[in-house]
Amino acid sequence: MAKSVAVIIEHSPMNTHRTSEGLRMSVGLVLGKHDVQVLLFGEAAPAALPTTPALVSAHELQKHIKALVMLKRRVIAEAEALNALGLTESELLKGVERMPRTEMIRLVREADAVFRY
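Each residue of the sequence shown is one higher than the one before, counting from 2 in the numbering used here.
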């Protein structure tokens, strides 16, 4: 039976493999027939922006996010973190949702399993 899985990513995507690996692992969970939701909290919210990895010392993010969206899974960026950076929903990668932190926490509480990166 498929499980509802919340993947929490909360670290900056700059100069680390952590965010990229969390997204890559999330794609793998989808292939295991799980209902995956990726939640980009705090410093991880900018991972939902179009980037050129080589220019910002980041690892591949867009490929994984686009795969999750194509597989009809939710990728959600924290609205408060985006607001603090002056970012709007129109600046996010296509298919990424913007959601208040309280709603994201509700999704975590309702999940059958939670992975944190």
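Cβ atoms here follow ideal geometry from the backbone N, Cα and C, with glycine treated the same way.
Contact check between the region 35-53 and the region 64-79: three or more CB pairs, one atom from each, fall below 8 Å, which counts as touching. V115 and A3 have their alpha carbons spaced roughly 14 Å apart. Looking at the DSSP output, R25 sits in no beta bridge, so it has no partner there.
Residue nearest to E92 within the set T103, A80 and P101 is A80 (criterion: CA-CA distance).
Following the DSSP letters along the chain, one finds L62 in no beta strand (DSSP E), marked with neither H nor E.
Apart from sequence neighbours up to five positions away, the residues of its chain that approach A112 with a beta-carbon distance below 7 Å are S5, V6 and A7, ordered along the chain.
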